[in-house]
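For the sequence shown, my numbering gives the first residue as 132, with consecutive numbering after it.
Beneath this line is the structure, given in structure tokens, with notes to follow.
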Amino acid sequence: LFFPEWAANDVLYYTTQKNLKCQNVFMTTFTYQKHTKLVYTEQDARFFVDIYLTKDRRFLTINSNSKTTSEVWLVDCRNPFALPALVQARTKGVIYHIEHRNDELYILTTYGEPAEYKLMKAPVASSSKENWQLVYALEKKTKLVDFEMFSDDCIMFLKNTGHLYLNVISFVSCSVQSIKLPTWACEFELESHPEHTTSTCYFQLSSPVHPPKRFAYSFKENNLIEQAVQEVPIITNCHTTRLLAKSKDETLVPITVFHNMNSEELHRKPLLVHVYGAYGIDLNMSFKEEKLMLIEEGWILAYCHVRGGGELGLSWHKDGCQHNKLKGLHDLKACIMLLHELGFSQPKHTALAAASAGGVLAGALCNTDPELIRAMVLQAPFVDVLNTMMKTHLPLTIEEQEEWGNPLEDEKCMKYIKSYCPYQNIKPQCYPSVFITAYENDQRIPLTGVLRYVQKLRKAALDHASRTSKKGNWIPKIILDVQANGSHCDSSWEHSVSEVARHLAFLNKELE
């Protein structure tokens with residue numbers, strides 16, 4: 132049972148999951164006799180179905196989304212037994228989400244130019260896109276982090292050039308207020324607001340080295356109030372630096388750097404570089420206790436916001452997926468080179484960290500520019516792109532084609548994926564040491580692909596060592612840590628702590 136929502140006191144809508152996908156919506160009534168019926172089925176394997184109740188509880192929305200396209204059906208909660216009504220038929224490249232207020236639909240969508248998010252509205256009875264009217268449009272290179280609808284206002288939480296701020300759109304005064312959030316904040320988490328008539332919006336801000344702080348924004352007073360009681364001490368001598376690296380095509384790529392202000396001779400300090408760069412998802416910059424510890428020990432932490440991620444809006448993702456995937460690799464290389472040029476560590480003291488799809492760029496960099504780093508830590512890494520995208524029987528392959536392309540139908544796509552795929556490009560050379568955590572029952576990143584990668588990487592490293600057998604030669608350690616429990620999406624607290632301990636022990640040993 133997934134995404135359960137009550138359309139009425141005795142009418143429940145929900146989805147079921149099969150092969151990691153939800154594609155059916157059911158309605159169960161709990162009146163005189165329990166009755167269940169199928170109300171919606173998604174036939175396209177690229178689409179995933181979920182259910183959402185508008186904040187005013189007027190409509191239940193059945194949302195069918197691929198990575199680039201949306202379609203929404205409305206269930207009237209005043210008549211939950213009626214057939215769902217289509218808002219707008221799916222249009223390739225158009226994403227949209229629905230809210231409701233005062234008999235009007237408010238549509239958060241990518242429709243129109245530029246292809247960034249906009250807030251639009253339309254009458255419930257005339258909801259097709261030709262009737263959508265613009266309410267507010269995001270600026271270019273702005274990331275929509277979250278959106279919350281209230282009775283008289285809506286709040287957009289935004290990110291631009293690494294800084295978080297919120298825009299408050301008043302439906303009463305037809306005005307927009309922009310409020311800058313603290314400069315140290317990197318991550319945002321909206322709290323639940325069950326009542327859409329509330330006059331205050333609550334949320335939390337954090338960074339990798341700043342524990343979450345609770346804030347409240349008052350619509351009436353138009354002010355921001357810090358409410359958090361600090362449980363974890365903040366490092367007062369931690370400095371945050373925001374840089375821009377010039378990539379191969381002259382694009383400026385943001386980097387966020389944390390380091391101890393008391394650190395002397397930064398070029399001799401260990402540097403841990405983080406990267407992701409896929410699906411339009413921001414690099415995870417939430418608070419982690421181990422990051423505090425590393426800063427206290429003099430480490431430098433760098434977060435590279437490369438193309439393929441979502442830090443600079445939808446266009447930033449589009450410019451780093453499918454036939455543009457190599458741009459993310461060029462961005463990562465430029466970021467690491469700039470850090471070293473500015474005196475943030477040096478290659479022999481530099482490590483790279485990535486998880487899941489971040490393993491594509493991290494693994495690719497190890498093949499193209501292994502001399503830039505000394506060690507790499509990968510968690511459930513996606514390192515065998517080509518073979519995975521050739522196997523359509525895997526549960527997520529069809530859906531993933533919108534991110535990586537379809538090599539089965541496009542020979543150019545096959546050659547392009549092959550040009551950067553970490554597994555395909557392993558060769559005998561001097562690799563950095565690598566620590567990989569994988570999971571036996573991980574359905575998203577099958578263990579078999581990771582095992583093939585490790586086997587091939589070890590062979591290449593040994594082949595190179597045997598060809599250049601000289602005293603004092605660097606021989607990398609290729610360590611595979613297979614966990615029986617957990618996955619790259621779901622590890623218990625105990626397992627997470629244990630994994631972090633092993634990663635840090637490896638990094639300290641390799642960078643000493």
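Don't be surprised by glycine CBs; every beta carbon is placed ideally from N, CA and C.
Query                                                                                                                                                          : Result
Does C544 come out as helix, strand or coil in the three-state DSSP assignment?                                                                                : helix
What is the residue span of the alpha helix (DSSP H) that W447 lies within?                                                                                    : 445-449
Give the C-beta separation of E235 and K260 to the nearest angstrom, bearing in mind that I take them to be a contact with Cβ-Cβ under 8 Å.                    : About 15 Å; that fails the 8 Å criterion.
Do the stretch 342-362 and the stretch 375-384 meet, that is, are 3 or more Cβ pairs less than 8 Å apart?                                                      : no
What first and last residue would you give for the beta strand (DSSP E) that runs through D277?                                                                : 273-280
Thinking just about the alpha-carbon of each residue, which of F212, A213, L239 is nearest to the one in V225?                                                 : L239
Taking the alpha carbon of I182 as the point to measure from, which residue in L463, D515, I229, T160 has its own alpha carbon closest?                        : I229
Whole alpha helix (DSSP H) runs in the stretch 547-602 with 4 or more residues, listed along the chain?                                                        : 578-598
Can you round the beta-carbon distance between T147 and F133 to whole angstroms, since I take them to be within the 8 Å contact cut?                           : 7 Å
Would you say the stretch 474-483 touches the stretch 531-543, given that touching needs at least three Cβ pairs under 8 Å?                                    : no
With DSSP as the reference, label V516 as helix, strand or coil.                                                                                               : helix
My assumption, with CB atoms under 8 Å, is that L414 sits in contact with Y434. Please give the rounded CB distance.                                           : 5 Å
Spell out a yes or no on whether the stretch 441-456 and the stretch 409-428 are touching, meaning 3 or more CB-CB pairs, one atom from each, closer than 8 Å. : yes
Output the boundary residues of the beta strand (DSSP E) element that contains L355.                                                                           : 354-357
Is the separation between the beta-carbon of H231 and that of D175 shorter than 7 Å?                                                                           : no
Helix or strand or just coil, what does DSSP make of A632?                                                                                                     : helix
Check E109 in the structure and name its three-state DSSP category.                                                                                            : Residue 109 cannot be examined here, being either before or after the span of the chain that is shown, 132 to 643.
Where S349 and S323 are concerned, what is the direct C-alpha to C-alpha distance, given to the nearest angstrom?                                              : 15 Å
Have a look at the DSSP bridge pairing and note the partners of H231.                                                                                          : L236
Using the beta-carbon count (16 or more within 10 Å), is R399 buried or exposed?                                                                               : exposed
How many angstroms separate the CA atom of T519 from the CA atom of L525?                                                                                      : 8 Å
Locate the alpha helix (DSSP H) running through H471, then write down its first and last residues.                                                             : 456-472
Would you call the CB atoms of S304 and D284 closer than 7 Å?                                                                                                  : no
In three-state DSSP terms, what is T499?                                                                                                                       : helix
Which residue wins for smallest C-alpha separation from T331, given the options L582, A347, T579?                                                              : A347
Throw me the rounded Cβ distance for the V491 and L463 pair, which I believe falls under 8 Å.                                                                  : About 10 Å; that fails the 8 Å criterion.
If you compare alpha carbons, which of T241, C153, L402, W430 is closest to E270?                                                                              : T241
What is the residue span of the alpha helix (DSSP H) that T192 lies within?                                                                                    : Careful: T192 lies outside any alpha helix (DSSP H), inside the beta strand (DSSP E) at 190-196.
My output table needs one value for M521: the three-state DSSP class, helix, strand or coil.                                                                   : helix
Where does I504 fall in DSSP's three states?                                                                                                                   : coil
In chain order, what are the residue ranges of uninterrupted beta strand (DSSP E) at least 3 long that sit wholly in the stretch 382-434?                      : 383-391, 402-405
Quick one: give me the first and last residue of the beta strand (DSSP E) that T528 is part of.                                                                : It is not in any beta strand (DSSP E) - T528 instead sits in the alpha helix (DSSP H) that spans 528-535.
Return the CA-CA distance between L638 and T579, expressed in angstroms with no decimal places.                                                                : 25 Å
Between V388, M424, K152, which lies nearest to H471 when the distance is taken from Cα to Cα?                                                                 : V388
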